[in-house]
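Colleague: The sequence shown begins at 42 in our numbering and counts up one residue at a time. Even glycine gets a Cβ: it sits at the ideal position worked out from N, Cα and C. Got a structure here, written out as structure tokens. Questions coming.
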Amino acid sequence: MTAKGRKGKSIAMSVQIYEVRESQYDRGDTGERRKGAFEEKKEKGVVEASWLRKQGVVSYDPGYTNTACCTSRITYLDGERGILRYRGYPIEQLAGKSSFLEVAYTLYYGELPTEQDLRLYEANVAAHRTPHNDLLKIISNGFRSDAHPMGVLASTVMAMGTLYPEVNPALQGNHVYESYKVREKQVFRILGTMPMLVASIYRSQNGLAPMVGFDTDDMTFTERFLCALSWAEGKLYKPNKRLARALDILFILHADHELNCSTATMRQLTSSGVDVYTSVAASIGALYGPLHGGATEAVLKMLERIKTVDNIPAFLNAVKNREEKLMGFGHRVYRNYDPRAKIIKRIAYEVFEEVGQVDPLIDLATELERTALNDEYFVKRKLYPNVDFYSGLIYKAIGFPTEYFPCLFAIGRTAGWLAHWNEFLVDPEKKIARPMQLYKGQGKRDYVQVFSRWGKRRNSRISSRVFTGRLKK
């Protein structure tokens, strides 16, 4: 594979190319960082948990709402003011001017790439655009036809790790990821393969043949993904560039969001020394949850349930009475308008204009947003639209089935997962994750022989009967 340099010269590209720029921090040169990090934390009013322990105090913090488990240089988030920056760059600027792979590069290396660095990076990612044949067999033959694609994706990424035992710390030792180039190669492989796995799952579940030998060298990352979904032998689907750009922006907006549930999962599993593929698979599992990546799907179902603008007042009253949930509103971190939601709302109208139809759900969503933001109940609780509120409408307009929404989220978030994976591995303060608990159970009691326990409890604690029949296939 080749690509043209700035002056038209051909630059050889292959999976063996790793000459992308590396920052001193992410390369692992820590220097005085440990001391500096401690001073920085003191300046910002952070209390060291070890100090609390010396005072005989434990911080009780369900859900880690006020607990920092690491220092990070990747994403800055100010929920009170509605600010989101990747490596210092405002999300509004990146969504308006950058591309997903350029953002992925920036998240990982810490700086915007030069033109040559970006070309090299794109080529290394594109080199892994064809999934391993064993993975395609698993997708085609290893699951029920109605299996949710997120379950298939998580399982397939987990299986992907077994194809590369030479970079598995459990098999080769913890030193494996000390190599900068080894870490980098896993990033190229996972980023390049992830969208193609989603496309392969979609094709398998829709009775389409696997993709074989289709040429997409002149396409962007997102155009290649859309092409893979609709590719037919002998015919090359040319994606709509405006729709491809809209999807690319969604990937950018979903690329990272500090220590959300799935990213925290990525760091926690990495802390045990497990391979990166297992960590990514676990992160996909966390993202699958309806309170995380599944929220986009839930928003669409909510709008379909409301049906018309006239039903909005009754629905919001039901929310206030805790009979319904207002999906796509509120955020664990934001106490202001989610900056990503503003961008997505604009893109939604552009996408509907491009496809030549106006989904009544977008007018319904707009009116629901207007009504809620003018209702004292929701304003007082600082419930504003979040990134999930409009993104499902865009996915639907492009043509994605509802069950694939979390998979699209996963494609974008993979960039952030891998950036945090790399940052954790070179952090001199890293430790295996092992939270404490507050024990509220029984005090010491003595064991009683089974024949002496009758009469101790009248009602069985087992809620289901023993199953003696045959399992249905």
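#1: Closest to residue 388 by CA distance: which of 133, 117 and 311 is it?
#2: Compute the beta-carbon to beta-carbon distance between residue 281 and residue 395, rounded to the nearest angstrom, for a pair I have assumed lies under 8 Å.
#3: Just how far apart, CA to CA, sit residue 189 and residue 444?
#4: Which residue's Cα is closest to the Cα of residue 478: 96, 105, 89 and 86?
#5: Identify, in the order they occur along the chain, each residue of the same chain with its Cβ nearer than 6 Å to the Cβ of residue 267, setting aside the five sequence neighbours on each side.
#6: Name the residue from 246, 87 and 141 whose alpha carbon lies nearest to the alpha carbon of residue 577.
#7: From residue 474 to residue 312, what distance separates their C-alpha atoms?
#8: What runs of the alpha helix (DSSP H), each 4 residues or longer, lie entirely inside the stretch 331-378?
#9: Under 7 Å Cβ to Cβ from residue 374, same chain only, skipping five residues before and after it: list those, please.
#10: Roughly how many whole angstroms lie between the Cα atoms of residue 60 and residue 317?
#11: In angstroms, rounded to a whole number, what distance separates the CA positions of residue 149 and residue 294?
#12: At what residues does the beta strand (DSSP E) containing residue 118 begin and finish?
#13: Measure how close the beta-carbons of residue 378 and residue 425 come, nearest whole angstrom, since I'm counting them as under 8 Å.
#14: Please check the pair residue 179 and residue 200, which I expect to be a contact at CB under 8 Å, by giving their CB distance rounded to whole angstroms.
#15: Are the stretch 400-409 and the stretch 444-459 touching by the rule of at least three beta carbon pairs closer than 8 Å?
#16: Output yes or no for whether 9 Å exceeds the beta carbon distance between residue 297 and residue 116.
#17: Rounding to the nearest angstrom, what Cα-Cα distance links residue 224 and residue 303 in this structure?
#18: If you draw a straight line from the alpha carbon of residue 235 to that of residue 124, how long is it in whole angstroms?
#19: Going straight from the alpha carbon of residue 464 to that of residue 383, what length do you get?
#20: List the residues that DSSP assigns as beta-bridge partners of residue 126.
#21: By alpha-carbon positions, which one of 408, 376 and 413 ends up nearest to residue 361?
#22: Exposed or buried, which one is residue 128 when buried takes at least 16 other CB atoms within 10 Å?
#23: What three-state label does DSSP hand residue 401 in the structure shown?
#24: Going along the chain, which residues of its own chain have a beta-carbon closer than 7 Å to the beta-carbon of residue 177, five neighbours each way excluded?
#25: Exposed or buried, what is residue 207 when buried is set at 16 or more other beta-carbons lying within 10 Å of its beta-carbon?
#26: Cβ of residue 339 within 9 Å of Cβ of residue 307?
#27: Provide the residue span of the alpha helix (DSSP H) that contains residue 210, from first to last.
#28: Closest to residue 249 by C-alpha separation, out of 333, 239 and 270, would be which residue?
Modeller: According to the data block:
#1: Closest option to residue 388, judged by alpha-carbon separation, among 133, 117 and 311: 133.
#2: 7 Å
#3: 7 Å
#4: The shortest CA-to-CA distance from residue 478 to any of 96, 105, 89 and 86 is the one to 105.
#5: Only 280 and 285 meet the Cβ criterion.
#6: An answer regarding residue 577 cannot be provided, because it is not within the stretch 42 to 514 covered by the chain.
#7: Rounded to whole angstroms, residue 474 to residue 312 spans 6 Å at the Cα level.
#8: 336-347 and 353-361
#9: 118 and 120
#10: At residue 60, the pLDDT of 41 sits below 50, so the modelled position is not reliable and the matter cannot be decided from this model.
#11: 16 Å
#12: Under the DSSP assignment, residue 118 falls in the beta strand (DSSP E) whose first and last residues are 116-119.
#13: Your pair residue 378 and residue 425 checks out as a contact, with CB atoms roughly 5 Å apart and the cut at 8 Å.
#14: 6 Å
#15: The stretch 400-409, when compared against the stretch 444-459, does not touch it at the 8 Å Cβ threshold.
#16: yes
#17: Each residue's Cα considered, the two are about 20 Å apart.
#18: As the crow flies, the alpha-carbon of residue 235 is around 29 Å from that of residue 124.
#19: 30 Å
#20: 117 and 131
#21: 413
#22: Burial is judged here by how many other beta carbons sit within 10 angstroms of a residue's own beta carbon; residue 128 has at least 16 and is buried.
#23: helix
#24: 241 and 251
#25: exposed
#26: no
#27: According to the DSSP assignment, residue 210 belongs to the alpha helix (DSSP H) that extends over 210-213.
#28: 270
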